[in-house]
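Engineer:
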Amino acid sequence: MSSVQLLDKTRKIGKLLHNNNSSKVVFNDICSVLREILASNVLVISRKGKVLGVGSLAGAGVGGELREQLIRSEGGSFIDPLLNERLLSILSTKENVNLATLGFETADAKHFAAVVAPIEIAGERLGTLFIYRVTEGYLTPYFYNPMLTKPEGLD
Numbered sequence: 002m003s004s005v006q007l008l009d010k011t012r013k014i015g016k017l018l019h020n021n022n023s024s025k026v027v028f029n030d031i032c033s034v035l036r037e038i039l040a041s042n043v044l045v046i047s048r049k050g051k052v053l054g055v056g057s058l059a060g061a062g063v064g065g066e067l068r069e070q071l072i073r074s075e076g077g078s079f080i081d082p083l084l085n086e087r088l089l090s091i092l093s094t095k096e097n098v099n100l101a102t103l104g105f106e107t108a109d110a111k112h113f114a115a116v117v118a119p120i121e122i123a124g125e126r127l128g129t130l131f132i133y134r135v136t137e138g139y140l141t142p143y144f145y146n147p148m149l150t151k152p153e154g155l156d
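The numbering of the sequence shown is the numbering used here, which starts it at 2 and goes up by one.
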């Protein structure tokens with residue numbers, strides 16, 4: 002990725018964060034920008050398991066079955082309660098999460114990589130940012146810069 006592309010992506014996030022047109026947070030806008038920048042499916046999930054925002058990649062085949070398993074069709078836009086418990090048990094951002102460990106049972110689950118990021122304000126857990134995509138995983142800074150040493154305990 003060139004530095005110009007990185008700068009453009011950073012500006013999109015900055016513009017989104019500094020948008021003062023509304024006093025309300027529009028989670029679908031946040032998800033759409035992240036979807037575009039990360040080339041991933043993005044969900045913002047409340048502490049109670051309600052899906053507050055969705056950013057889906059184009060193409061019905063991209064994660065469709067996984068998305069159907071993620072969001073229960075009955076009861077509106079809530080995720081499975083057991084999955085929500087697993088997501089809430091993650092206390093810090095985890096990248097390249099194996100979806101099978103989260104309880105996904107689809108055959109395609111092994112082809113996905115995910116990032117799970119807790120959303121906290123003032124020490125209170127408000128929800129979870131769930132990002133996933135097909136094929137390659139998410140790279141960490143330790144991959145880009147061999148001079149950085151990976152802290153112990155990170156897998």
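No residue lacks a Cβ here, since even glycine has one placed at the ideal position from N, Cα and C.
(1) At which residues does the beta strand (DSSP E) containing phenylalanine 113 begin and terminate?
(2) Quick one: what does DSSP say arginine 48 is sitting in, helix, strand or coil?
(3) What residue range is occupied by the uninterrupted beta strand (DSSP E) comprising isoleucine 80?
(4) Could you tell me the alpha carbon to alpha carbon distance between asparagine 29 and serine 78, rounded to whole angstroms?
(5) Between which two residues does the alpha helix (DSSP H) harbouring glutamate 177 extend?
(6) Taking 8 Å as the cut-off, decide whether the C-beta atoms of glycine 104 and arginine 126 are in contact.
(7) Taking proline 119 as the reference, which of Ile91, Val98, Glu37 has the closest Cα?
Structural biologist: Checking against the coordinates, here is how it stands:
(1) In the DSSP assignment, phenylalanine 113 falls within the unbroken beta strand (DSSP E) covering 113-122.
(2) Here arginine 48 sits in coil by DSSP.
(3) Careful: isoleucine 80 lies outside any beta strand (DSSP E) and carries neither H nor E.
(4) Their Cα atoms are separated by approximately 13 Å.
(5) Because the chain in this structure spans residues 2 to 156, residue 177 falls outside the shown range and cannot be described.
(6) Cβ distance not < 8 Å, so glycine 104 and arginine 126 don't count as in contact.
(7) Nearest of Ile91, Val98, Glu37 to proline 119, Cα basis: Ile91.
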